[in-house]
Structure formats: structure tokens, C-alpha cells
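Working notes for the structure below.
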Amino acid sequence: MSKHFWLFKSENSTWSWEDQVAQGDAGEEWDGVRNYQARNFMRDMKVGDQGFFYLSQRDRLIVGIVEIIAEAHPDSTSDDRRWECVDVKAIRSLPTPVSLDTIKADPRLSEMVLVKNSRLSVQPVKEDEWHIVCEMGGLASELKK
DNA sequence: GCCAACGTTGGC
DNA sequence: GCCAACGTTGGC
Numbered sequence: 001m002s003k004h005f006w007l008f009k010s011e012n013s014t015w016s017w018e019d020q021v022a023q024g025d026a027g028e029e030w031d032g033v034r035n036y037q038a039r040n041f042m043r044d045m046k047v048g049d050q051g052f053f054y055l056s057q058r059d060r061l062i063v064g065i066v067e068i069i070a071e072a073h074p075d076s077t078s079d080d081r082r083w084e085c086v087d088v089k090a091i092r093s094l095p096t097p098v099s100l101d102t103i104k105a106d107p108r109l110s111e112m113v114l115v116k117n118s119r120l121s122v123q124p125v126k127e128d129e130w131h132i133v134c135e136m137g138g139l140a141s142e143l144k145k
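In UniProt numbering, the protein residues as written are 1 to 145.
Printed below as a string of C-alpha cells:
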């Protein structure tokens with residue numbers, strides 16, 4: 001069973017990368033998602049999967065990498081049992097944050113959900129897309145690991 | 001700040 | 001079960 005890759009969107013003013021990093025290895029619920037597609041992707045996530053941390057709105061940057069540390073469970077911020085979330089912890093910052101413009105400028109990334117469905121807040125990333133963005137972010141040497 | 005795209009709600 | 005009305009997201 002291979003690892004899968006994802007992308008989580010956040011608004012810097014609501015939950016920043018610094019907030020995520022401050023949680024350390026304890027991590028934090030990725031709560032507040034009220035969209036079935038996004039929830040279903042979270043249900044598919046396994047411990048050890050990794051995801052990009054993307055800042056929407058003004059920033060439009062992928063700034064870091066998180067890892068899934070708990071699989072889908074009820075969202076503590078909702079009484080509605082329909083809503084679930086995973087827990088994630090920050091793994092590392094990207095030496096060079098990757099902008100939406102950069103992603104859109106690369107034809108290899110034209111099929112990314114981030115490009116095709118800009119409103120989906122939790123989304124899958126293909127393995128080759130993951131590696132390309134990691135490389136853009138200054139993590140080329142990490143890919144060998 | 002605008003608005004297109006999309007998701008959700010609720011009346012029928 | 002359809003679809004109009006409405007609300008929200010997020011790029012621009």
C-alpha cells in the first residue's frame with residue numbers, strides 16, 4: 001500500500017502555517033470542512049500520507065508539508081455527525097514557497113485540482129505532481145529519500 | 001471589491 | 001427528483 005498525497009487549503013488569517021507548526025508533533029484537527037467531496041477525500045487518507053499546506057486568498061502559496069497522524073473521525077467543531085476530519089502535523093516548510101502562478105505556468109501541472117477546481121479545499125495530488133512541486137519548493141534532495 | 005464557479009437548500 | 005434561489009469560496 002503506497003503513500004498518497006494531498007493538498008490542504010487554509011486562509012492565513014484563520015489558520016496559518018505558523019499556527020500549524022506551533023502544534024508540533026501533537027498536530028491538530030483539520031476541522032471546519034463542510035463539503036462532501038473534501039470530506040470524502042479525508043476519509044481516504046491514511047496515517048503517513050502527506051499533504052501540501054496551501055494558503056488561499058491573498059497569498060496563493062504552498063508553504064509547507066504536513067503528515068496525516070490520525071484518520072477520519074468526527075469533527076469536534078460540529079454537532080452534525082456527517083462532518084469528519086483528519087489530524088495533521090507540520091513536517092517541514094518549503095525552502096521556497098511555490099506560488100499558484102508558478103504552478104499554473106508549468107504545463108506538467110495543468111491537471112492539478114488546484115488549477116482545475118480552485119474551490120475545493122481538500123484535494124488529492126498525483127505522485128508526479130507532488131515531486132514536481134517539491135522540487136520547485138527546493139526539496140529536490142528530499143526526493144531520493 | 002467584484003464576480004464566476006460551484007455547492008447547498010428547499011419549494012414544488 | 002428537479003431546479004431556482006441563495007450562499008460561499010477564492011482568483012483576479
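Beta carbons are placed, not taken as given, at the ideal position from N, Cα and C, and that holds for glycine.
For clarity, every value in this text was computed on a predicted model and none was experimentally measured.
Assuming M136 contacts V88 (C-beta within less than 8 Å), just tell me the rounded distance between them. Mapped onto the first sequence, residue 136 falls at position 136. Mapped onto the first sequence, residue 88 falls at position 88. In fact, because the Cβ distance is near 21 Å, the residues do not count as touching under 8 Å.
Just to check my reading of the structure: W83 and D49 have Cβ atoms closer than 8 Å, yes? What is that Cβ distance to the nearest angstrom? Numbered from 1 along the first sequence, position 83 holds the residue referred to as residue 83. Numbered from 1 along the first sequence, position 49 holds the residue referred to as residue 49. 20 Å between Cβ atoms; not a contact.
Through-space distance from E127 to residue 150, alpha-carbon basis: Beyond the ends of the chain as shown, which are 1 and 145, falls residue 150; an answer cannot be given.
Please state the DSSP three-state secondary structure of D75. Here residue 75 corresponds to residue number 75 of the first sequence, with the count starting at 1. D75 falls in the coil class under three-state DSSP.
Under a Cβ-count criterion, where at least 16 other Cβ atoms within 10 Å of its own Cβ denotes burial, should A22 be classed as buried or exposed? Taking the first sequence and counting its residues from 1, one reaches residue 22 at position 22. Exposed, by the Cβ-count rule.
Collapsed DSSP secondary structure at V86 in the structure displayed: Position 86 of the first sequence, counted from the first residue, corresponds to residue 86. Correct three-state label for V86: strand.
Taking Cβ to Cβ, would you say G64 is nearer than 8 Å to R92? On the first sequence, position 64 is the one that residue 64 refers to. On the first sequence, position 92 is the one that residue 92 refers to. Contact: yes.
To the nearest angstrom, how far is the alpha carbon of G27 from that of Q20? What you label residue 27 is simply residue 27 of the first sequence in a count that begins at 1. What you label residue 20 is simply residue 20 of the first sequence in a count that begins at 1. If I take the Cα positions, the gap works out to 7 Å.
What does DSSP give as the partner residues of P124 in its beta bridges? By 1-based counting over the first sequence, the position of residue 124 is 124. W6, per the DSSP bridge assignment.
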